[in-house]
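Residues 0 to 757 in numbering that gives the first Met the number 0 are what the sequence shown lists, from first letter to last. Worksheet: one structure, shown below.
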Amino acid sequence: MPNNSPTAEGRRRSLTSNWPVGRRLRAVLLIPVLVALVLGGVRVKRSVDTWQDADDAVRVAELVQTANKYASDAINERDVSVIPLLREKRTSDTVVQARRTTDADAAAFGRAVARMPKTSGLLRRVQLVRNGESQLGTVRANAFTAGMSGVRTEESYHAVQHPLMELSNELGYGSSNRTSFGRTLYAVSLTQATESLIRSIGTHLLVEDRAGLAAGELESQLASFRSYAYLQQVGLQEYAGAGTAEDMARLRQALAAAEARGEQQQAAAAAKAAAAGRPYVSPPPMADMITEIAAGKPVGELATKGVTPESFFAASTLGFDAYRSVQVGLTDAALASAQDIADDARRDAITNAALVLAAVLAAFLLASWVARTMSTGMRRLSASAIEIAGKRLPGLIHQMAQPDADPVDTRVTPIPIDTTDEIGEVARAFDHVHREAVRLAAEQALLRGNINAIFTNLSRRNQSLIERQIALITSLEDNEADPEQLENLFRLDHLATRVRRNGENLLVLGGEKPAQAWDQPLPLVDVVRAASSEVEQYERIQFSGLPEVQIQGRAVTDLVHLLAELMENATAFSSPRSEVRVTAIRLPDGRIMVEIHDEGIGLAADDFAMINHKLANPPTVDVGISQHMGLFVVGRLAERHGIRVQLRPSGERSGTTSLVMLPDTLTHRSPDARPDSDTLTLARITNVPQSRHADVMASLGGGSDSGDAFSDYEAWQDESAGTGPVAEPPPAAESSPAAARPRPLPRRASGSRGRRSR
């Protein structure tokens with residue numbers, strides 16, 4: 000069978016069923032916007048990734064550029080040092096300058112390493128370079144000595160040069176074939192390296208005294224020379240196979256330029272020899288010189304053919320520089336290509352991001368405009384409804400609920416929407432609901448007024464009868480001599496007084512003020528006595544420390560009623576064998592704090608919070624008033640005169656303390672009264688400690704300082720001997736029942752017996 004429960008309906012309800020119309024419209028328009036945003040974001044992400052890759056390629060190209068220069072200068076250092084080192088000129092300027100150049104290249108390479116991308120391949124290759132660099136110092140110290148033969152010296156530089164040359168394999172970003180680009184650069188670097196070894200070993204063979212060589216050393220040098228000559232051809236073939244036509248044209252152009260410079264050098268040397276009157280033998284081509292030297296012919300024979308250390312080194316240097324120029328051209332082209340790609344990628348990323356943001360912003364603006372044009376009326380309707388429900392209607396009801404309120408204008412202002420569409424129809428319907436709510440509120444206010452009139456009428460009717468009853472009881476008391484009968488009459492008198500106070504409570508509930516009021520100030524002690532005289536168990540009430548202050552006549556009647564209610568609660572909800580203590584102190588600002596302490600079972604923290612809230616904000620008369628009538632009456636009386644009443648846990652033992660703060664507008668000191676010790680003591684206090692009451696309230700979650708007038712008063716109590724005025728004699732101090740009854744005060748017009756909820 001179908002499930003029609005509210006839970007099932009809630010599960011079937013759409014996710015957007017509670018969304019406002021504006022949000023739904025934005026959601027509909029947001030879907031294509033999100034799709035465009037995702038696609039644009041993917042494009043921007045690709046552009047940013049390309050930019051990052053190109054930027055990494057730029058730093059790799061810079062690294063390879065510095066590495067190739069470092070490698071070229073390192074092997075050039077070896078080549079130019081051959082002749083000076085073999086001739087024992089280890090401090091030659093040529094050697095020092097060559098090594099200084101290599102060291103500067105090493106520092107530049109270190110800076111490039113710090114900027115390079117930290118990929119595993121680059122880190123591995125750089126570590127190989129560092130391993131080779133660690134041997135460079137030993138090679139320099141032992142080069143061309145007995146500890147390191149010539150070929151071994153020349154090949155030792157390979158530990159530094161070859162790892163640097165291998166970094167070329169990391170180039171080629173943006174080219175059509177990255178592997179081919181790396182092979183091309185590696186091939187020309189290999190050709191340059193072999194050219195350098197040919198130059199170094201060939202110069203060594205032409206300079207060194209062959210007679211002093213160890214057995215087999217010359218053959219070893221010649222074998223290495225021939226091997227590197229062959230390896231040079233392999234490098235050139237590798238370059239031709241990996242390079243493009245443009246790369247081959249660059250190589251041919253560099254070799255042609257080197258050949259032209261060689262011819263110029265030979266012409267200059269011939270002219271110089273002719274000017275000096277020396278014979279000049281033109282050296283053969285480089286390939287022929289390599290063949291002659293590789294054949295192992297003596298140095299003298301080679302010199303007759305123009306193959307000297309100077310001519311061979313100069314010719315080999317031309318090839319070395321040609322290969323180096325090709326190498327530099329390739330690295331520069333790679334760096335320029337990477338920089339161009341990085342610039343394009345950066346420009347594309349910025350452009351794409353700007354276009355995507357602009358498109359998204361335009362879409363959102365369009366969506367907001369469409370949603371705003373369609374939901375403006377609904378927002379105005381919602382705002383007006385919220386204002387009516389949350390401010391105007393509650394305010395109107397509150398005005399009607401006041402017992403002495405002036406006539407209230409019940410006319411309803413329509414919602415400012417004059418369209419004829421569905422939104423306008425809803426606005427008119429809400430206006431109708433508003434009028435009905437105001438009408439019902441007016442009827443309820445009229446009903447409350449009638450109830451208050453009933454309360455007042457019933458109270459007025461009973462008051463005269465109760466007054467006559469009290470007068471009759473008083474007359475019987477005056478003429479009665481039997482103590483037992485007199486005691487019974489006293490009890491009957493108090494019962495009648497309590498009945499009268501219940502009737503006066505009806506006047507307070509009805510919003511009526513006392514029909515009679517004092518026209519002269521009355522001492523506080525008399526007010527307290529009058530309040531205690533209306534309590535059935537008045538003999539348990541003990542009061543002391545009451546300052547000599549006068550209470551304004553207009554507040555005497557209500558204050559007696561208020562204190563009587565609190566004292567009645569204190570006696571009713573504490574042990575019959577315990578005392579109820581009433582004390583009062585004057586605060587430095589002129590206010591009076593009256594405290595009523597009982598030793599009852601006390602209240603829970605939630606009950607304290609609820610009762611204090613009702614005391615501070617007396618509710619409207621309803622069914623719940625019957626459970627807390629006394630507290631409601633106390634709150635109404637306190638609100639009438641600006642008195643603050645609050646209940647707190649007793650700080651010394653179990654029970655409750657009722658605090659009554661009388662404002663300085665209700666009190667003033669008697670003209671002939673001496674300064675009471677409480678006030679003098681308070682004036683001397685500068686640092687007030689925390690009270691025990693504050694600790695109790697903190698344990699209940701209220702904190703030690705509520706921010707009101709009650710926050711610091713407990714530290715000013717006059718409990719110690721000699722600090723307060725002489726205590727008033729307790730009401731039950733006399734021996735006879737007649738004497739035990741407090742002296743009567745003029746009759747009040749209001750009072751009630753309260754009931755405390757424990």
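Note that CB positions come from ideal geometry on N, CA and C, so glycine has one too.
Requested in this report: Within the same chain, show all residues whose beta-carbon is closer than 6 Å to that of arginine 580, passing over the 5 residues directly before and after it, in chain order.
Outcome: Excluding sequence neighbours, arginine 580 sits near Gln541, His596.
**Report entry** Euclidean distance between Cα positions of serine 310 and glutamate 194
**Finding:** Spanning the two alpha carbons is a distance of roughly 15 Å.
Query raised in the report: Which residue comes first and which comes last in the beta strand (DSSP E) that contains glutamate 535?
Result: Counting along the chain, glutamate 535 falls outside any beta strand (DSSP E), and DSSP gives it neither H nor E.
Query raised in the report: I think leucine 380 touches valine 425, with their Cβ atoms under 8 Å apart; what is that distance to the nearest whole Å?
Result: Right, their Cβ atoms sit about 6 Å apart.
Requested in this report: Could you check the C-alpha separation between tyrosine 185 and glycine 120 for me, to the nearest Å?
Outcome: Rounded to the nearest whole angstrom, the CA to CA distance from tyrosine 185 to glycine 120 is 16 Å.
Query raised in the report: Grouping DSSP H, G and I as helix and E and B as strand, with all else coil, what is isoleucine 684?
Result: Below a pLDDT of 50, predicted positions are generally treated as unreliable, and isoleucine 684, at 34, falls in that range; the measurement from the model is reported next regardless. In the structure shown, isoleucine 684 sits in coil (DSSP, three-state: anything other than H, G, I, E or B).
Query raised in the report: So what does isoleucine 469 bridge to, in DSSP terms?
Result: According to DSSP, which records beta bridges pairwise, isoleucine 469 is partnered with nothing at all.
Query raised in the report: What do you reckon, are the CB atoms on glycine 131 and proline 162 nearer than 8 Å?
Result: Yes. Within cutoff.
Query raised in the report: Under the rule that 16 or more other beta-carbon atoms within 10 Å means buried, what is tryptophan 50, buried or exposed?
Result: Here tryptophan 50 is buried: its Cβ has 16 or more other Cβ atoms, across all protein chains shown, within 10 Å.
Query raised in the report: Does the Cβ of alanine 257 have 16 or more other Cβ atoms within 10 Å, making it buried, or fewer, making it exposed?
Result: With 16 or more other Cβ atoms within 10 Å, it is buried.
Requested in this report: Indicate whether arginine 98 and arginine 139 have their beta-carbon atoms separated by less than 8 Å.
Outcome: Contact annotation: arginine 98 and arginine 139 have beta-carbon atoms nearer than 8 Å.
Requested in this report: Kindly provide the ranges of any beta strand (DSSP E) runs that are 3 or more residues long and lie completely inside the stretch 92–134, ordered along the chain.
Outcome: Runs found: none.
Query raised in the report: Going by alpha carbons, who is nearest to glycine 376 out of Ala388, Ile422, Ala470, Ala358?
Result: Each of Ala388, Ile422, Ala470, Ala358 was checked against the Cα of glycine 376, and the nearest Cα belongs to Ile422.
Query raised in the report: Between the Cα of glutamate 476 and the Cα atoms of Arg528, Ile465, Leu491, which residue gives the shortest distance?
Result: Ranking Arg528, Ile465, Leu491 by CA distance to the CA of glutamate 476 puts Leu491 first.
Query raised in the report: Start and end of the alpha helix (DSSP H) containing asparagine 564?
Result: The sequence given here has glutamate at residue 564, not asparagine. From DSSP, the alpha helix (DSSP H) with glutamate 564 extends over 552–571.
Report task. Give me the Cα-Cα distance between aspartate 320 and proline 283, rounded to the nearest whole angstrom. Result -> Roughly 19 Å between the two C-alpha positions.
Query raised in the report: According to the Cβ coordinates, are serine 573 and glycine 654 closer than 8 Å?
Result: It is a contact, given that the beta carbons lie within the stated cut-off.
**Report entry** Distance between glutamate 61 and alanine 111 (C-alpha atoms, nearest Å)
**Finding:** Looking at the backbone, the Cα of alanine 111 and that of glutamate 61 are separated by about 7 Å.
Query raised in the report: Under the DSSP definition of a beta bridge, which residues are partnered with glutamine 541?
Result: Partner(s): Arg580.
Requested in this report: Grab me the residues of alanine 158's own chain with a C-beta within less than 7 Å of its C-beta, minus the 5 sequence neighbours each way, in chain order.
Outcome: In its chain, beyond the 5 residues on either side, Gly131, Gln134 have a beta carbon closer than 7 Å to the beta carbon of alanine 158.
Query raised in the report: How big is the Cα-Cα spacing for alanine 228 and threonine 307?
Result: If you draw a straight line from the Cα of alanine 228 to the Cα of threonine 307, it comes to about 18 Å.
Query raised in the report: If you draw a straight line from the C-alpha of arginine 371 to the C-alpha of arginine 42, how long is it?
Result: CA-to-CA, the gap between arginine 371 and arginine 42 works out to about 32 Å.
Query raised in the report: With a Cβ-Cβ cutoff of 8 Å, do valine 325 and alanine 248 count as a contact?
Result: Not in contact: valine 325 and alanine 248 (Cβ atoms no closer than 8 Å).
Query raised in the report: What separation, rounded to the nearest whole angstrom, lies between the Cα atoms of valine 37 and proline 116?
Result: CA-CA distance, valine 37 to proline 116, rounds to 29 Å.
Query raised in the report: So the alpha helix (DSSP H) leucine 221 belongs to, where does it begin and stop?
Result: Element bounds for leucine 221: 216–241.
Requested in this report: My understanding is that glycine 552 touches aspartate 518, with C-beta atoms under 8 Å, so please give their C-beta distance in whole angstroms.
Outcome: Taking 8 Å as the upper bound for CB-CB distance, glycine 552 and aspartate 518 are in contact here, some 5 Å apart.
Report task. Pull up the distance between the alpha-carbon of alanine 480 and that of leucine 488, whole angstroms please. Result -> Distance between the alpha carbons of alanine 480 and leucine 488 is about 11 Å.
Query raised in the report: With which residues is arginine 585 paired in a DSSP beta bridge?
Result: Answer by DSSP bridge pairing, in chain order: Ile591.
Query raised in the report: What residue from Leu445, Val498, Glu483, Asn449 has the CA that sits closest to arginine 467's CA?
Result: Considering only alpha carbons, the answer is Val498.
Report task. Say whether the stretch 262–274 touches the stretch 204–220, bearing in mind that this needs 3 or more beta-carbon pairs closer than 8 Å, one atom from each stretch. Result -> Pairwise C-beta distances place the stretch 262–274 out of contact with the stretch 204–220, as fewer than three of them are shorter than 8 Å.
Query raised in the report: Which residue's Cα is closest to the Cα of valine 81: Val63, Ile197, Leu33?
Result: With distances taken between CA atoms, valine 81 lies nearest to Ile197 out of Val63, Ile197, Leu33.
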